[in-house]
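Enquirer:
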Amino acid sequence: MKTKAMILFAALFFIGSAARMQAQCLTLEVRDIDRPQGFLYVAFYSSPDNFLKKPLTGFRVEVKDKTVTVPCEGLPEGTYALALFQDLNENGTLDTGTFGIPQEPTAFSNDAQGVMGPPSFEECSFTLRSDTTLVVHLRR
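Residue numbers (mature numbering (1 follows the signal peptide of the UniProt record, and there is no 0)): -23 to -1, 1 to 117.
#1: Name the residue from Pro13, Gly51, Lys43, Thr46 whose alpha carbon lies nearest to the alpha carbon of Ser107.
#2: The beta strand (DSSP E) that contains Glu50, what's its start and end?
#3: Given that a residue counts as buried once 16 or more other Cβ atoms are within 10 Å of its Cβ, and exposed if not, what is Arg116?
#4: Give me whichever residues DSSP pairs with Ala60 in a beta bridge.
#5: Phe16 and Glu67: beta carbons closer than 8 Å?
#6: What would DSSP say about Thr109, mapped onto helix, strand or coil?
#7: Tell me whether the segment 55 to 65 and the segment 7 to 24 touch, counting them as touching only if at least three CB pairs, one residue from each stretch, are closer than 8 Å.
#8: Let's see if you can read the secondary structure: which residues bound the beta strand (DSSP E) around Glu39?
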């Protein structure tokens, strides 16, 4: 009976350890915010097929300073791309002008910038293997 209890305890311990090892904490630091107002809309993507279409997860955070730091917990190890924009007028969407050019500040992981459009998933992708701080710079 003691052997079964010890095996069960060991199994639960290792399962719990594996679960803790799989979920990582990503700290997102957004810099170069010219106007500390509105909200940042942040989206994480896990594949090129879904990039800028259907995020894996996302959230909104109020902008109160020229740098915003946000913990993003619970992401499993993997490859991701991040896209965000600052909603200055708080209408919940990225305002665009002629030819779809953003009228509000945007940022992508790796500080990727597109030519004649947004950058690709590959240009933005990063691999999350351990607790990490990801720094991006907002661009107008």
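Cβ coordinates follow ideal geometry from the N, Cα and C atoms, glycine included.
Expert: Looking at the atomic coordinates:
#1: Gly51
#2: 45 to 53
#3: exposed
#4: Ala20, Phe85
#5: yes
#6: strand
#7: yes
#8: 34 to 39
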